[in-house]
Amino acid sequence: MEFEEKITNTETIHEGNITTYQLLDVTLPDGQEAEREIVRHDSAAAVIAFTAEQELILVRQYRVAIGKTTLELPAGLRDDEDKDGMVTAQRELEEETGFRSDDWRYVTSFYSTPGYTDEFLEIYEAHGLEQVENPRAQDESEFIEVVTLDFDEAMDAYIRGELCDSKTVFALFYWRMKRDKNRPNTEQ
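Every position in the sequence shown, counted from 1, becomes a number in this note's numbering once 3 is added.
Okay, structure coming up:
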């Protein structure tokens, strides 16, 4: 069966700084016509950063779209001059937390919500963090607090609903998977 929808018309209804909103007319595989509402969004990168004590570095910030304060991975939009997501991740770690690392690993990448947006997110892991004496300045419109949590504290924040965005929930369960993998199997 063919699944592709053919775009027959595109109307841009708003262009913002990081998003563009479009209405698409499409022809469905069965020949029917339909409309799709699409948000075009810049790509981004996020960092799963661990301290020497194996605590996860997060940022606390208010998110007006959901009307609450969240705990999230340091993350940000990919700038035009970034050659790849790693550059974005390194910049955002320093800007948002004041830390830098020389030990980086690519973890994964995914579309955040492909039902209505093309936002593409790359996730990296950083270890061996060093506090930067004069870190890059945070964005003027960002009001964030750096928080470090051990695994149990992070899981509690998830249960309370404070750690609730997709990239950070992914990071928590990625961390859990790594912890479980490193535990010796004591069942015989």
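Glycine included, every Cβ here is placed at the ideal spot set by N, Cα and C.
Using a Cβ-Cβ cutoff of less than 8 Å, which residues in the same chain neighbour residue i once the five nearest sequence positions on both sides are dropped?
| i | result |
| --- | --- |
| Q191 | For Q191, the pLDDT reaches just 47, beneath the cut-off of 50, and the residue's location in the model is therefore unreliable, although a value from the coordinates is still provided. Cβ within range, chain order: n/a, list empty. |
| K170 | A49, E75, L76, A78, S115, L124 and I126 |
| V172 | Y161 and L166 |
| I16 | Y24, Q25 and L26 |
Report all residues from its chain with a CB closer than 7 Å to the CB of residue i; omit the five preceding and five following residues, and keep chain order.
| i | result |
| --- | --- |
| A37 | V29 and L31 |
| T22 | V42, R43 and H44 |
| T11 | D28, V29 and T30 |
Let me check understanding here. Comparing Cα to Cα, which of the options lies closest to residue i?
| i | options | result |
| --- | --- | --- |
| S104 | Q93, E98 and F154 | Q93 |
| E40 | L175, E75 and G118 | G118 |
| T100 | G79, T111 and D87 | G79 |
| E98 | V110, F146 and R66 | F146 |
| F102 | L26, F53 and V172 | F53 |
| E7 | Y109, R108 and G34 | G34 |
| R63 | Q57, S112, G164 and E84 | G164 |
| Y65 | S144, A55, N185 and H17 | S144 |
| A55 | D155, M180 and D106 | D106 |
| S46 | G88, A68 and K184 | G88 |
| L61 | I51, I69, R179 and R108 | I51 |
| E182 | I69, E84, Q57 and G70 | The residue asked about is misnamed: residue 182 is Arg in this sequence, not Glu. Nearest option by C-alpha distance: Q57. |
Kindly give me the distance between the Cβ atoms of residue i and residue j, rounded to whole angstroms, as I take these residues to be in contact under 8 Å.
| i | j | result |
| --- | --- | --- |
| D168 | H44 | The Cβ separation is near 14 Å, so there is no contact. |
| L76 | A174 | 6 Å |
| A129 | L59 | A129 to L59, Cβ: 11 Å. No contact. |
| T192 | D82 | Any answer about residue 192 is impossible in this case: the structure gives the chain only from 4 up to 191. |
| V110 | Y24 | V110 to Y24, Cβ: 30 Å. No contact. |
Reducing DSSP to helix, strand and coil, say where residue i ends up.
| i | result |
| --- | --- |
| K86 | coil |
| F221 | Any question about residue 221 goes unanswered here, given that the chain covers just 4 to 191. |
| R103 | strand |
| Q191 | In this predicted model, Q191 has a pLDDT of only 47, less than 50, meaning its place in the structure is not dependable enough to derive any value. |
| T171 | helix |
| D28 | strand |
| D148 | Strictly speaking, residue 148 in this sequence is Glu, with Asp absent from that position. Three-state result, E148: strand. |
| T92 | A small fix is needed here, since residue 92 is Ala in this sequence, not Thr. Helix. |
| F176 | helix |
| N137 | coil |
| A157 | helix |
So, for residue i: in the same chain, excluding its five sequence neighbours on each side, which residues have a beta-carbon less than 6 Å away from its beta-carbon?
| i | result |
| --- | --- |
| A160 | L74 and L166 |
| E5 | P32 |
| E14 | L26 |
| S112 | E125 |
| G70 | none |
Any contact of the segment 127-139 with the segment 151-166, i.e. 3+ C-beta pairs under 8 Å? no
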